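K.L.:
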Amino acid sequence: MTSSHSRDKNPHTPDLEPVIITRSGHPVSRKKIDHNAVKILYRLKNHGFKAYLAGGAVRDLLLGKTPADFDIVTDATPKQVKKLFRNSRIIGRRFRLVHIFFHDRSQSMPQIFEIATFRRTFTLDQDEAESIEEQPELANNLFGSPGEDAERRDFTINAIFYNIADFSVIDYVDGLHDLRDRIIRIIGDPNLRFAEDPVRILRALEFACRLGFTIEDETGKGLVAQADRLSEVPASRLREELKGLYSKKTTAALLELGHRYQINQYWLPPEIAENCPEAIPFIKQIENFYPTANNDKELEKMVVAALLLPGIFKKFPLADNVRLNLVQELVEERLKPLNQRFNLPRFQRHAIKDIFTLLYRIGRGDKRVKKLLSRDHFFAALFFYAAINSQASNKPNHFSFWQKQCESLNRNSKAKNLDYSKLFTKN
Ligand code: ATP
Ligand code: MG
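Yeah, the sequence shown ends on 426 if you go by numbering that gives the first Met the number 0, and it's all consecutive.
1. Is Asn190 near the ligand ATP, with its Cβ less than 7 Å from a heavy atom?
2. Smallest Cα separation from Ile114: which of Leu191, Thr250, Ala234 and Thr73?
3. With the cut-off set at 8 Å, would you say Asn396 and Asp319 are in Cβ contact?
4. Does the distance from the CB of Trp266 to the CB of Leu222 come in under 8 Å?
5. Can you tell me whether Ala67 sits near the ligand MG, meaning its C-beta is under 7 Å from at least one heavy atom of the ligand?
6. Using CA atoms only, rank isn't needed, just tell me which of Gly143, Ser144 and Ser167 is closest to Leu61.
7. Excluding five sequence neighbours on each side, which residues of the same chain lie with their C-beta closer than 8 Å to the C-beta of Arg6?
8. I need the boundaries of the alpha helix (DSSP H) containing Thr218, first residue and last residue.
9. Kindly indicate which three-state DSSP category Asn396 falls into: helix, strand or coil?
10. May I ask whether a heavy atom of the ligand GTP can be found less than 7 Å away from the beta carbon of Asp295?
11. Relative to the alpha-carbon of Lys64, which residue among Lys31, Tyr51 and Asn190 has its alpha-carbon at the smallest distance?
12. Taking 7 Å as the cut-off, is the beta-carbon of Gly174 closer than that to any non-hydrogen atom of the ligand MG?
13. Assuming Ala203 contacts Ile214 (C-beta within less than 8 Å), just tell me the rounded distance between them.
14. With which residues is Thr65 paired in a DSSP beta bridge?
15. Could you name the residues of the same chain whose beta carbon sits closer than 6 Å to that of Ala252, not counting the 5 residues immediately before and after it, in chain order?
16. Given this structure, state the Cα-to-Cα distance separating Ile311 from Glu150, to the nearest angstrom.
17. Evaluate Asp188 with the Cβ neighbour count: other Cβ atoms within 10 Å of its Cβ, from every protein chain shown; 16 or more gives buried, anything less gives exposed.
18. Do the region 362-369 and the region 330-338 touch if we need at least three Cβ pairs shorter than 8 Å?
19. Just to confirm before moving on: does the CB-CB distance between Val80 and Arg88 stay below 8 Å?
20. So the candidates are Glu255, Arg179 and Asn45; which of them puts its Cα closest to the Cα of Ile163?
21. What runs of the beta strand (DSSP E), each 3 residues or longer, lie entirely inside the region 214-285?
22. DSSP on Glu328, reduced to helix/strand/coil?
23. How many Å lie between Leu323 and Gln404 at the Cα?
24. Give a single yes or no on whether Asp70 has its beta carbon closer than 7 Å to a heavy atom of the ligand MG.
25. Rounding to the nearest angstrom, what Cα-Cα distance links Val27 and Lys300 in this structure?
26. Taking only runs that begin and end inside the region 299-371, name each unbroken alpha helix (DSSP H) of 4 or more residues, in chain order.
Pasting the structure below:
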C-alpha cells in the first residue's frame, strides 16, 4: 500500500483532509465484495449519494481476509435509503439504520446488510437520548460528515472507508499505517473513548487476539485505567459482544490477554476471574475440538461451563462418592453471578446445570450408557470428562470404560460427527 499523500501530525481532527489511496495503490477489489453489497453501493451512488463500505469489511479486505459482513455508510438519510430499496426496513429508535434484505433460495436465512447514515457520535448521554425519543427529528443532529463518522468509530483500523465512486480507500485516522504496523489504536483520547463505551476495552483485546495485532501503549494504558467501568456494561450488551467471539474461537486468547492486563475481574465475577487461568486450557480444547461451523449457542454453553469448571472441580473432584445434590447447589450458586453479567437465557442455564450433573454421574461410575445417551447434554459432559483427563495427571475412575464406549459412540448420530474417542486417546 502506498499513500498518495502523507499528512502532518494530529490525525484525529475531523475537518482534516483524508488520505486517499487510489485503486492502483490498494488491494481492495470489487470481486472480493459480496455482489449484493456492490449492488447496494452502486444504487446509492447512482442516485447521487456517497456510498462507502466501512468497518470490519474494509479492514479485512485490506488484510486479504474474507469479511464476515459488509457494512455500508452513506450521506443518504434512512428515509432516502428506504425509498431506494423495496427490500428494506428502518430499524432502531435512536440510531436509525436501514436493513436491506436479500433472499437467496439456497439459504434459509435472508442476507442482511446494514446501511447507516454518516453520524458524528457513537453514544448519547441520557439527555440526548431522551430528547430524541420525544422529538425524533432531533436525530438528524446526529448525522455528520464522513470525517466525523470515522472519528466516532472505535479503532483506527476499523475506520477506513472504501468509496465505490472511484474505488479509492479513504483514511481519516491513519488507520492504514496501523494496519500495516499491525497495531490496535483507539481513535482520540484513550481514557475518554474507553470511558464513553467500556465495551471498547474488550473489543481492543478481541481484535488484538483475532488479528494477532499489538495494542498500542497509550491505548493499553487507557484500557487498564478505565477497566473498572466494565462492571457498568449492561449484561445484554456484554453477552452480545461475547457471543460473536465463540465461533471465531478467540475466547481463550481474549481471557489470556485480559489476565495479562489484569482486567478480567472487572467483567467476570470474582470466583470466575480467579479461576480463569485454569479454565483457559479447557476453552482452548473446546476451540480445537468443535468445528467452526458449530453454532454460537453450542459454543456459548461449553465456554460458560468451562469458566465454571475449575472452581467446581476444586471443591468436588470427580469421585465415586460425590453427592450430586451438593454439586448442583454449588453450580447453581456460581452460575448466579455469571448470569448477572451475561444474562444467559434459561435454556443455557439449564444446559449448563445438566452438563455438571451428567459429568459427575459419569465420574461417579454411572454406566447406564443408554440412559445417559438419551440426555441432551451427555456429549458435552463427556467432553469435559475427557478434558479433565487430559489436563490432570491421574486418569479419572472409569476412564477406560468410557474410552471403549466412545469407539461405538462415534457411530451414533448423536455424536454429531465429532470424534469423541480422539479426546480419550491423550494420556
Ligand atoms: P467483525 O469482523 O467482528 O464484524 P467489525 O469491525 O465489523 O468486526 P462490528 O461489531 O461489526 O465490528 O462493528 C462494525 C463497525 O462499527 C466497527 O468496525 C467500528 O467501526 C464500529 N463500531 C462497532 N462497535 C463500536 C463501538 N463500541 N464504538 C465505536 N465504534 C464501534
Ligand atoms: Mg462487522
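We put the CB at the ideal spot given by N, CA and C, even for glycine. All of these numbers come straight from a predicted model, not from anything done at the bench.
P.N.:
Looking at the coordinates:
1. no
2. Thr73
3. yes
4. no
5. yes
6. Ser167
7. Any answer about Arg6 is weak, because its pLDDT of 41 lies below 50 and its placement is not dependable; what the coordinates show is given next. So the qualifying residues of the chain are Leu15, Glu16, Val18 and Asp173.
8. Asp216 to Ala224
9. coil
10. The ligand GTP is not part of the structure shown, which contains the ligand ATP and the ligand MG as its ligands.
11. Lys31
12. no
13. 6 Å
14. Looking at the DSSP assignment, Thr65 forms no beta bridge with any residue, so it has no partner.
15. Cys208
16. 45 Å
17. exposed
18. no
19. no
20. Asn45
21. none
22. helix
23. 23 Å
24. yes
25. 37 Å
26. 323-341 and 345-363
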